[in-house]
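Participant: The structure that follows is given in the form of structure tokens.
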Amino acid sequence: MNVERLEDAIDGLESRLVASFSRELHEFRESLTAEIDKLNERVRDLERHVEVRDGVIDQLTDDLRQSRADITALQTRVEDAEINSRLPCLIFSADIDRAHRLPGANHRIIVRFVRSGEGSLRDRIMTRRMELKGKDLYVNESLTKMRGLIFRSLLAAKREKKVYTVYSRGGQVFFKQEQYGTGKRVDSLEQVRRLGYTVLER
């Protein structure tokens with residue numbers, strides 16, 4: 587009889603323990619599920635904020651890019667207007683094939699025109715470049731290495747008062763010995779020597 591009561595008591599205790607564990611486990615799972623739901627909602631909320639912020643950043647980036655493009659275009663227009671205010675003839679962007687700044691402190695710009703030769707805008711600028719005197723704008727023709735050396739050698743002769751002036755036109759080098767003399771073309775360093783002028787070192 588005592589054994590049966592003991593077994594019944596053990597069975598009852600096991601049932602109560604299982605029920606208690608089951609209830610506590612259920613409550614823990616519900617609590618954990620609720621916490622996970624809160625965390626998931628927080629993550630979704632953060633993701634929404636990130637998306638909104640990313641959208642704002644993308645918009646600001648686009649605005650900045652557009653502002654830079656507008657500033658560049660405005661600077662180009664200002665430079666065009668400033669150059670045209672000094673030049674004796676009007677230049678449009680369609681007249682220029684390409685142009686870029688050269689390194690150095692004097693801010694030189696090298697320009698290739700769409701057309702060259704007699705009657706072209708390039709020719710008109712080169713012909714009238716002396717009108718730029720006093721306007722802080724200097725136009726020089728880009729010469730080949732040899733013709734550049736010819737030009738510099740004749741320029742040295744001019745500084746020594748041996749020639750009146752030196753100039754280039756259409757990629758060729760000319761000089762005048764007298765103010766009202768005829769321009770003579772010089773095509774070689776040997777010709778410079780024959781004329782009695784010193785050829786500068788390369």
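For the sequence shown, our numbering gives the first residue as 587, with consecutive numbering after it.
Here a beta-carbon is modelled for each residue, glycine too, at the ideal position from N, C-alpha and C.
Since this is a predicted model, take the numbers as computed values, not measurements.
1. Find the nearest neighbour of threonine 768 within the set Arg780, Tyr753, Tyr724, judged by alpha-carbon distance.
2. Please classify alanine 743 as buried or exposed, where buried requires at least 16 other C-beta atoms within 10 Å of its C-beta.
3. Going residue by residue through the segment 691-750, where are the continuous beta strand (DSSP E) segments of at least 3 residues, counting only ones entirely within it?
4. To the nearest angstrom, how far is it from the Cα of aspartate 640 to the Cα of arginine 755?
5. Is DSSP giving serine 606 helix, strand or coil here?
6. Can you name the start and end residues of the beta strand (DSSP E) that glutamine 758 belongs to?
7. Buried or exposed for isoleucine 696, going by 16 or more other Cβ atoms inside 10 Å?
8. Under three-state DSSP, which class holds serine 774?
9. So the beta strand (DSSP E) aspartate 683 belongs to, where does it begin and stop?
10. To the nearest angstrom, how far is the alpha carbon of glycine 703 from that of aspartate 709?
11. How many Å lie between serine 728 and tyrosine 783 at the Cα?
12. If the criterion is Cβ atoms closer than 8 angstroms, does the pair arginine 771 and phenylalanine 760 meet it?
13. Measure the Cβ-Cβ separation of arginine 733 and valine 725 and say whether it is below 8 angstroms.
14. Would you mind stating whether leucine 775 and leucine 718 have Cβ atoms separated by less than 8 angstroms?
15. Suppose the cutoff is 6 angstroms on Cβ atoms and the five residues either side in sequence are ignored; what does the same chain contact list for arginine 684 look like?
16. Relative to the alpha-carbon of glycine 757, which residue among Met712, Val778, Arg780 has its alpha-carbon at the smallest distance?
Facilitator: Once the coordinates are examined:
1. Tyr753
2. buried
3. 695-699
4. 58 angstroms
5. helix
6. 758-762
7. exposed
8. coil
9. 682-687
10. 6 angstroms
11. 23 angstroms
12. yes
13. no
14. no
15. Arg698
16. Met712
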